[in-house]
Amino acid sequence: MTEQQAQPRTRRKPRSLAQELVTVLTERIRSGQLKRGDKLPTESQIMLEEGVSRTVVREAISRLQAAGQVETRHGIGTFVLDAPSTGGFRIDPATIVTLREVLSVLELRIALEIESAGLAALRRDDEQLAGMRAALDELNEGAAHASDAVSADFQFHLRIAQASGNHYFADIIHHLGTSIIPRTRLNSARLAHDDQAHYMGRLMHEHEAIFEAIARRDSEGAKMAMRLHLSNSRERLRQAHEEAEAQGV
């Protein structure tokens with residue numbers, strides 16, 4: 001690293017500093033500056049180079065992990081896995097930042113995850129069910145901590161997709177990473193005109209209904225519970241989108 005490269009950059013004002021850092025690191029991986037097996041710069045180095053806080057760096061690394069681009073080996077560092085595919089169909093999680101884009105992803109998820117939940121109810125084994133339960137317990141315990149809750153929420157949906165027995169469901173969810181969770185992009189509670197505790201309580205209730213249907217191997221019940229969960233999220237955000245457009249935001 002040259003002295004010029006190490007100079008702190010002027011602090012930017014993107015919608016999400018963490019997501020902009022994800023974009024920067026993803027481009028380094030895509031361009032070959034960082035290759036498979038390479039170790040990412042340390043948190044301190046990234047903070048200096050990009051002019052961001054440690055919290056921003058950790059959130060960006062967490063999103064890259066969820067997207068399957070890097071893995072962290074405790075006590076050693078964070079290493080590059082595979083470069084993002086540059087050909088064929090691709091959704092870049094870094095671009096999912098506006099209300100309209102989040103709504104579009106929710107529509108895609110509705111099409112995918114309803115069937116995925118139904119198949120999971122029929123095909124899941126006890127170990128997979130235990131994994132869903134563990135993710136839900138972590139989600140409930142970490143509800144007060146946004147980053148913990150988002151990670152657990154993502155894991156719950158990913159485990160359902162994995163239990164479907166069709167790896168393509170899981171591949172798409174894994175590819176999108178934590179960007180499938182609206183509150184990684186938007187203040188969903190505020191947009192829904194709700195306090196955070198009540199908002200999270202509703203999400204917990206919806207998640208529990210999905211889990212219970214899968215646990216009792218009720219395929220149609222699991223589909224209905226997943227449809228209700230994702231449709232509720234879409235409706236809350238759709239109303240917020242219409243209000244924003246009416247106000248010219």
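Each residue of the sequence shown is one higher than the one before, starting from 1 at the first, in UniProt numbering.
C-beta: ideal position from N, C-alpha, C; glycine also.
From the DSSP output, in three-state form, read off residue i for me.
i, result
"K223", "helix"
"T72", "strand"
"V52", "coil"
"L25", "helix"
"R124", "coil"
"R217", "coil"
"E138", "helix"
"L103", "helix"
"L17", "helix"
If you draw a straight line from the C-alpha of residue i to the C-alpha of residue j, how long is it?
i, j, result
"A18", "Q65", "13 Å"
"L136", "D125", "17 Å"
"R123", "A222", "12 Å"
"V22", "G32", "15 Å"
"Y168", "L158", "11 Å"
"I210", "L237", "21 Å"
"I173", "M132", "15 Å"
"H175", "Q155", "13 Å"
"K39", "Q128", "32 Å"
"A130", "E27", "37 Å"
"G75", "S16", "28 Å"
"F89", "I160", "Any reading at F89 needs caution, since the residue's pLDDT is 49, under 50, leaving its predicted position unreliable; the model's value is listed next. Using only the alpha carbons, I get a separation of about 23 Å."
"S219", "M226", "11 Å"
"Q45", "R63", "18 Å"
"E59", "M224", "33 Å"
Give me the DSSP bridge partner(s) of residue i.
i, result
"T78", "T72"
"K35", "K35 pairs with nothing; no bridge assigned."
By Cβ distance below 8 Å, which residues in the same chain neighbour residue i in space, the five residues on each side in sequence not counted?
i, result
"residue 253", "Only positions 1 to 249 of the chain appear in this structure, which leaves residue 253 out of reach."
"L230", "L106, R109, I110, E113, I114"
"G77", "K39, L40, T42"
"E71", "Q65, T78, F79, L81"
Report all residues from its chain with a CB closer than 7 Å to the CB of residue i; omit the five preceding and five following residues, and keep chain order.
i, result
"N140", "M204"
"A215", "L129"
Checklist entry - For the 8 Å Cβ check, are there 3 or more pairs between the segment 103-120 and the segment 149-165? => result yes
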